[in-house]
Amino acid sequence: MNKFFISTPIYYINDIPHIGHTCTTVAADVLARYHRQKGDNVFFLTGTDEHGQKVAEAAAKEGLTLKEFCDKVAPRFEEAWNKLNISFDFFIRTTDPRHEKVVSDFLQRIYDNGDVYKAKYEGWYCVGCEKFLMESDLVDGHCPLHPPEKTVWKSEDNWFFRLSKYIPEIIKLTENTETNYIFPEGKRTEILSKLKSDVKDISISREKVEWGIPTPWDKTQTIYVWFDALINYYSATQFVENKKEFWPADLHLLAKDILWFHSVIWQSMLMSAQLPLPKEIFAHSFYLVDGQKMSKSLGNVISPQQLLDTFGAEGTRYLITRSFPAFNDSDIGIARFKEQYNADLANNLGNLVSRVAKLAEDLEIKEENFVFDNDFEKALSNLNFDEAIQLVFTNYINTANVRLNLDTPWKLEKNNPKRIEQMDYLVNNLRKAAFLLKSVIPESSKRIEDAFTGIIKPLEKPLFPRIIL
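For the sequence shown, this note's numbering begins at 23 and goes up steadily by one.
See the structure below:
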């Protein structure tokens, strides 16, 4: 049995879940379910990042202690993923004492390897990202992701990690087509360009941020939140029962804005600690909402609950997967989601299932062992979800709809051999579609399989009720 370890980023809890978090998590779940369906031994990890300055500020704003705030907000992510039927195997929280212990041990290994030294840090720091910025990161003198006032000049004594020491090896790994671990290709090119600029050592501790894990060799400082967060992927395998064999990770799935941390800093940390490197990192692009970047000020942030209220868990999973911004930013909106839901799910798939189940009532079904189509597997493995889903519609669902209307089996008697042959074809098309879409819409696929197993019975309720536009 092959092992497959997939992770999402751990989400920062200074805010509630939104569609950006949702798209990464749903995509990871689709891949985890697909690998389980193939018979692989899967470990799917997600969770929350709970240390750092922004969390402390958010807790103070709500008048809560740091632990009270974390315990209040972290479950919102777990609850959202449960509502979306996300099949994670472990939900990690960085305030878990077991994680904190692994982080301390990990950083001590880096220190013992001679890769840590103390120096003064002076430079630009984005409070919104909670990260130090290089000159090349700045746009008009500030972080491009946050308002200008969030970019501040900081000067403090910190512990530094010798990142520059590992850059030549990171470049070599990234340039080699056999060892390259960054996907898609455009993101790899961006990282290589940045690697070949002047990459400096980075601070791994903070002098005046109390809400963090103490630096093991200097209790007056705390570990920089990003170093703490990155180690979660490794730490979970060390303290979750029977998971040590899963390291290294097979796939880190994340958004493009945190690729540098995962493809350069995380890799260098692992090299210093003399641990195996993750096999692949896939950095997807962003969602735009009706042509605009999501922001609180514009009021266009979409929450998973909004999607659930309108489309249900299955509809939401389908729409997120179909619109997944794998290679380029994807422009979405509730109105367009409604149109696609009605066209693909209510009218096309749902209506077809209802018609075929009614026409094939009492038809005996033969056992079939379905396998994945090569083109479908290739598209899904490359995270080209839209292409994978379109293949299912083109080859099985649309074809069945055309055949149903051409053959008009309802004009024939139930025991007519020609009608039975026609219905066998339609039923098997739908069963194959359900098999292929099981990772995307698991509950709906099961309903289709149950309806077309043994002796067919019409569905009591529509698979995907139509939404009023």
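Backbone N, C-alpha and C define an ideal beta-carbon position, used for all residues, glycine too.
For residue 98, which three-state DSSP category applies?
Along the sequence shown, read from residue 1 onward, the residue named residue 98 stands at position 76. Looking at residue 98 - three-state DSSP - the assignment turns out to be helix.
Outcome for residue 312 when other beta-carbon atoms lying within 10 angstroms are tallied against a minimum of 16
Start at 1 with the first residue of the sequence shown, and residue 312 comes out as number 290. Per the 10 Å Cβ criterion, exposed.
Of the residues 419, 337, 394, 301, the one placed nearest residue 377, counting alpha carbons only
Reading the sequence shown from its first residue, position 355 is the one you call residue 377. Cα-wise, what sits closest to residue 377 is 419.
Reference residue 169; option with closest CA among 181, 180, 149
Locating residue 169 in the sequence shown gives position 147, where the first residue counts as 1. Residue 169 has its Cα closest to that of 149, out of 181, 180, 149.
When DSSP labels each residue in this structure, what does residue 181 get in the three-state scheme?
Counted from its first residue, the sequence shown places residue 181 at position 159. Correct three-state label for residue 181: strand.
Are the beta-carbon atoms of residue 13 and residue 60 separated by less than 9 angstroms?
Outside the modelled stretch of the chain, which goes from 23 to 491, sits residue 13, for which no answer is possible.
In whole angstroms, give me the CA-to-CA distance for residue 225 and residue 330.
As a position in the sequence shown, residue 225 is number 203, starting the count at 1. As a position in the sequence shown, residue 330 is number 308, starting the count at 1. Rounded to whole angstroms, the gap between the alpha carbons of residue 225 and residue 330 is 41 angstroms.
First and last residue of the uninterrupted beta strand (DSSP E) at residue 115
Position 93 of the sequence shown holds residue 115. In the DSSP assignment, residue 115 falls within the unbroken beta strand (DSSP E) covering 112–115.
Skipping 5 residues on each side, what residues in its chain have a beta carbon closer than 6 angstroms to that of residue 392?
What you label residue 392 is simply residue 370 of the sequence shown in a count that begins at 1. Annotation for residue 392: 454, 457 place their beta carbon closer than 6 angstroms to its own, counting only its chain and skipping 5 residues before and after.
Compute the beta-carbon to beta-carbon distance between residue 143 and residue 178, rounded to the nearest angstrom, for a pair I have assumed lies under 8 angstroms.
Translated into the one-based positions of the sequence shown, residue 143 becomes position 121. Translated into the one-based positions of the sequence shown, residue 178 becomes position 156. Correct: roughly 6 angstroms between the Cβ atoms.
If residue 66 and residue 114 are in contact, beta carbons under 8 angstroms, what's the gap, nearest whole angstrom?
Here the question's residue 66 lines up with position 44 in the sequence shown. Here the question's residue 114 lines up with position 92 in the sequence shown. Wrong, their Cβ atoms sit about 11 angstroms apart, outside the cutoff.
Does the segment 315–335 come close enough to the segment 225–237 to have 3 or more Cβ pairs within less than 8 angstroms?
Verdict: no, contact absent.
So, residue 371 versus residue 52, is the Cβ gap smaller than 9 angstroms?
Numbered from 1 along the sequence shown, position 349 holds the residue referred to as residue 371. Numbered from 1 along the sequence shown, position 30 holds the residue referred to as residue 52. At a Cβ-Cβ threshold of 9 angstroms, residue 371 and residue 52 do not count as neighbours.
Under the three-state DSSP convention, the category residue 148 falls into:
By one-based count along the sequence shown, residue 148 stands at place 126. Residue 148 falls in the strand class under three-state DSSP.
Sort out for me which residues DSSP pairs residue 228 with in a bridge.
Start at 1 with the first residue of the sequence shown, and residue 228 comes out as number 206. According to DSSP, which records beta bridges pairwise, residue 228 is partnered with 244.
Residue 256: which of 298, 472, 481 sits nearest, CA to CA?
As a working note, residue 256 is residue 234 in the sequence shown. Distances from the CA of residue 256 to each of 298, 472, 481 were compared; the closest alpha carbon is that of 298.
Can you tell me which of the three DSSP states residue 68 falls into?
Walking along the sequence shown from the start, residue 68 turns up at place 46. DSSP, read as helix, strand or coil, puts residue 68 in strand.
How would you call residue 291, buried or exposed, if buried means at least 16 neighbouring beta carbons within 10 angstroms?
Reading the sequence shown from its first residue, position 269 is the one you call residue 291. By the neighbour-count criterion, in which a residue is buried when 16 or more other Cβ atoms sit within 10 angstroms of its Cβ, residue 291 is buried.
Residue from 486, 404, 464 whose Cα sits closest to the Cα of residue 58:
Here residue 58 corresponds to residue number 36 of the sequence shown, with the count starting at 1. Measuring C-alpha to C-alpha distances from residue 58 to each of 486, 404, 464 identifies 464 as the nearest.
If you run the structure through DSSP and keep just helix, strand and coil, what is residue 205?
In the sequence shown, residue 205 corresponds to position 183, counting from 1. Here residue 205 sits in strand by DSSP.
To which residues does DSSP link residue 60 through a beta bridge?
Indexing the sequence shown from 1 puts residue 60 at position 38. In the DSSP output, where bridge partners are listed per residue, residue 60 has none listed.
Under the rule that 16 or more other beta-carbon atoms within 10 Å means buried, what is residue 248, buried or exposed?
Stepping through the sequence shown from its first residue, residue 248 is reached at position 226. Per the 10 Å Cβ criterion, buried.
Could you pull out every residue in the same chain whose Cβ sits closer than 7 angstroms to the Cβ of residue 125, ignoring the five residues on either side in sequence?
As a first step, residue 125 must be located in the sequence shown, where it is residue number 103. Counting only Cβ-Cβ distances below 7 angstroms, and skipping sequence neighbours, we find 235, 245, 250, 253, 257.
Could you have a look at residue 384 and say whether DSSP puts it in helix, strand or coil?
Along the sequence shown, read from residue 1 onward, the residue named residue 384 stands at position 362. Coil, per DSSP.
Just grab the DSSP bridge partners of residue 108 for me.
What you label residue 108 is simply residue 86 of the sequence shown in a count that begins at 1. Beta-bridge annotation (DSSP): residue 108 is not paired with any residue.
For the alpha helix (DSSP H) containing residue 449, name the first residue and the last one.
To locate residue 449, count along the sequence shown from 1; it is residue 427. First-last of the alpha helix (DSSP H) with residue 449: 439–458.
Short of 6 angstroms in beta carbon distance, which residues of its chain neighbour residue 408, apart from the five on each side in sequence? Order them along the chain.
Working through the sequence shown from its first residue, we reach residue 408 at position 386. So the list reads 344, once near-sequence residues are dropped.
Grab me the residues of residue 310's own chain with a C-beta within less than 8 angstroms of its C-beta, minus the 5 sequence neighbours each way, in chain order.
Within the sequence shown, the letter at position 288 stands for residue 310. If we look at residue 310 and ignore the five residues flanking it on each side, its Cβ neighbours are 316, 351, 352, 353, 354.
Coarse secondary structure for residue 141, derived from DSSP in three states
In the sequence shown, the residue the question calls residue 141 occupies position 119. Strand at residue 141.
Helix, strand or coil for residue 119, going by three-state DSSP, please let me know.
Against the sequence shown, residue 119 aligns to sequence position 97. If DSSP states are grouped into helix, strand and coil, residue 119 belongs with the helices.
Among 96, 459, 382, 269, nearest to residue 337 - alpha-carbon criterion:
The residue given as residue 337 occupies position 315 in the sequence shown. The shortest C-alpha separation from residue 337 is found at 459.
Between the alpha carbons of residue 427 and residue 369, how many angstroms are there, rounded?
By 1-based counting over the sequence shown, the position of residue 427 is 405. By 1-based counting over the sequence shown, the position of residue 369 is 347. Rounded to the nearest angstrom, the two C-alpha atoms are 14 angstroms apart.
On the criterion of 16 or more Cβ atoms from any shown chain inside 10 Å, does residue 272 qualify as buried, or is it exposed?
Locating residue 272 in the sequence shown gives position 250, counting from the first residue. Label assigned to residue 272: buried.
Start-to-end residues for the beta strand (DSSP E) that takes in residue 353
Translated into the one-based positions of the sequence shown, residue 353 becomes position 331. Residues 352–354.
Top-ranked residue by Cα proximity to residue 275, from 146, 43, 438, 138
Taking the first residue of the sequence shown as position 1, residue 275 is located at position 253. In this structure, 43 is the residue among 146, 43, 438, 138 with its C-alpha nearest to the C-alpha of residue 275.
Buried or exposed, going by whether 16 or more other CB atoms sit within 10 Å of the CB of residue 492?
Residue 492 falls outside the range modelled here, since the chain spans only 23 to 491, and no answer is possible.
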